[in-house]
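This report concerns only the one structure given below.
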């Protein structure tokens with residue numbers, strides 16, 4: 065048996081020794097190719113429209129039109145945008161707009177496959193056997209949140225890449241005690257934070273590890289190493305947020321307002337009416353990972369607590385079978401630290417929880433290896449039962465990824481766009497909400513409903529916006545296209561509805577056949593009944609096409 069909990073120092077190349085094993089190489093190749101095969105068909109989703117409101121393609125195209133360097137928001141890191149902007153500028157010299165967009169999404173898909181390999185290496189550094197390390201990669205591949213972010217040219221996959229890379233480099237530092245690995249880990253952490261602020265959650269784990277390993281070297285050595293590591297972290301961050309250098313007072317004031325006050329501590333904004341994370345994150349976590357992994361990590365936590373409570377009350381002093389090495393302790397610590405902001409937040413979505421999934425998979429694999437080693441080896445029945453449970457769990461998780469990709473391929477807006485093109489007379493005026501189907505603007509007069517999302521009661525609304533049915537009467541469109549995303553996200557729960565009362569009251573009336581409009585067509589897509597039900601972010605809304613009574 066491979067030693068489960070090892071503390072022997074090694075080098076980064078020691079983790080690569082596993083690639084000499086043809087079985088490991090072929091298994092990882094199958095996992096990465098399966099990841100690409102499952103997710104590649106959905107890369108063209110929404111094009112030529114931009115159905116994902118936060119995808120970097122929107123920012124890049126807008127910057128190119130304006131002749132500017134892409135910059136998302138003044139309070140948000142943009143390092144990934146610089147890379148995507150450079151790739152876009154180069155690729156559009158040779159390819160069409162749509163193909164270039166697919167290429168940028170394909171880069172995210174390739175990165176996701178590379179992350180699967182990194183997770184195998186991180187798992188091996190933790191002392192897991194080859195087979196359980198491969199299961200950890202498979203658990204990540206079959207998580208719906210991971211599959212979701214692999215489809216988009218967005219920062220989430222880049223953050224995950226650098227967080228996992230920083231973790232692997234930190235493990236190498238803990239094993240070899242070579243300070244250069246600590247600086248490399250800090251640089252990767254800075255790159256993660258330069259893409260998204262939650263990358264900074266790795267910083268306390270990095271500094272804590274350095275302090276523990278350097279505590280006997282004196283205060284001066286601690287300060288020197290901390291300063292160099294801090295610079296390695298800070299440089300990528302400052303490159304990603306130049307406003308922090310140009311006007312630091314404005315930047316930090318805006319950050320407090322936007323990131324902390326509005327999103328974490330007040331019952332308003334995107335999370336208005338939602339319970340805090342320590343109550344509400346668990347269902348989202350199950351959706352982001354998979355029910356198999358979620359309940360697996362819960363079982364691991366219960367088992368770990370039970371073993372140590374039993375040792376405490378029986379006062380046994382022998383080493384625990386559940387003891388872990390330093391590299392594994394880093395994984396547990398990272399999982400706990402990265403979940404802290406979510407616990408106090410009211411804004412938690414599937415993609416916000418994806419960075420937790422790799423570490424959840426690794427920790428669950430400790431339980432799998434423990435059960436196999438100590439419970440199944442002497443019993444053929446338990447061994448068969450173990451294999452069946454793992455196989456069924458992974459197959460169910462993989463089917464969830466299949467379901468998600470079917471939603472990408474059969475998004476209701478695809479059918480709605482074709483229906484509008486065939487059934488609505490050319491030249492008609494159509495007013496749409498925030499997430500409409502692609503409509504040929506050369507054939508129809510298409511306008512967006514003037515809507516301003518409000519984070520709080522103090523947010524102002526531009527003139528002519530959020531007028532509800534009064535606005536429809538003034539503009540008098542022939543058709544209205546309502547998507548369920550805009551309706552549900554801004555009108556439910558009640559706290560959000562109060563912020564957009566005229567709009568929600570109007571949409572309610574229209575969908576019930578009032579306010580001068582009648583339902584012309586409702587278009588939706590439902591998964592086959594034999595597949596697990598899943599939800600993807602911004603994927604597959606219900607589309608309601610409404611016709612004015614005068615038609």
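Numbering (my numbering), first residue to last: 65 to 615.
Note that CB positions come from ideal geometry on N, CA and C, so glycine has one too.
Every value quoted in this text rests on a predicted model; they were computed, and no experiment measured them.
- Within the same chain, Cβ atoms closer than 8 Å to the Cβ of residue 189 are found at 79, 232, 235, 236, 239, 391, the five residues on either side in sequence being excluded.
- Three or more beta-carbon pairs drawn from the stretch 497-506 and the stretch 544-556 are found closer than 8 Å, and the two stretches are therefore classed as touching.
- When the alpha-carbon of residue 156 is set against those of 140, 176, 124, the nearest one is in 124.
- Contact between the stretch 442-462 and the stretch 190-197 is not established, with fewer than three Cβ pairs separated by less than 8 Å.
- Rounded to whole angstroms, the separation of the alpha carbons of residue 360 and residue 350 is 11 Å.
- Judged by DSSP secondary structure, residue 499 falls outside any alpha helix (DSSP H); it is assigned neither H nor E.
- For the pair residue 169 and residue 244, the Cα-to-Cα distance works out to about 33 Å.
- When DSSP assignments are scanned along the stretch 545-597, the uninterrupted stretches of beta strand (DSSP E) that are 3 or more residues long and fall wholly within it turn out to be 581-587.
- The bridge partners DSSP lists for residue 610 are 544, 583.
- Around the beta carbon of residue 518, 16 or more other beta carbons lie within 10 angstroms, which makes this residue buried.
- Here residue 141 is buried, its C-beta having at least 16 other C-beta atoms within 10 Å.
- Here the stretch 111-129 makes contact with the stretch 210-228; the two share three or more CB pairs at distances below 8 Å.
- DSSP places residue 194 in the helix class (H, G or I) of the three-state scheme.
- Taking residue 113 as the centre and dropping the five residues before and after it, the same chain places the C-beta of 502 closer than 6 Å to its C-beta, in chain order.
- Annotated three-state conformation of residue 511 is strand, per DSSP.
- Annotation: the continuous alpha helix (DSSP H) that includes residue 534 extends over 533-539.
- Secondary structure at residue 353: coil, using DSSP grouped into helix, strand and coil.
- Taking residue 299 as the centre and dropping the five residues before and after it, the same chain places the C-beta of 254 closer than 7 Å to its C-beta, in chain order.
- Here DSSP, grouped into helix, strand and coil, assigns residue 527 to coil.
- For the options 405, 179, 393, 515, the alpha carbon positioned closest to that of residue 93 is the one of 179.
- Boundaries of the alpha helix (DSSP H) harbouring residue 416: 414-417, taken from the DSSP string.
- Per the coordinates, the alpha-carbon of residue 421 lies some 19 Å from the alpha-carbon of residue 259.
- Contiguous alpha helix (DSSP H) elements confined to the stretch 200-231 occur at 208-213, taking only those with 4 or more residues.
- With contacts defined as CB atoms closer than 8 Å, residue 472 and residue 161 fail to qualify as a contacting pair.
- Judged by DSSP in its simplified three-state form, residue 116 adopts coil rather than helix or strand.
- For residue 503, there is no enclosing alpha helix (DSSP H), as DSSP marks it with neither H nor E.
- Counting the other Cβ atoms within 10 Å of the Cβ of residue 560 gives 16 or more, which makes it buried.
- Contact check for residue 220 and residue 415: beta-carbon distance about 5 Å, within the 8 Å limit, so the pair qualifies.
- Taking C-alpha positions only, residue 612 is separated from residue 550 by approximately 20 Å.
- In this chain, the alpha helix (DSSP H) harbouring residue 272 covers 267-278.
- In this structure, the CA atom of residue 294 is about 24 Å from the CA atom of residue 423.
- Residue 542 is not a Cβ neighbour of residue 506, given a cutoff of 8 Å.
- Within the model, the alpha-carbon separation for residue 588 versus residue 605 is close to 7 Å.
- Ranking 443, 434, 202 by CA distance to the CA of residue 368 puts 434 first.
- Residue 531 has its alpha-carbon roughly 13 Å from the corresponding atom of residue 512.
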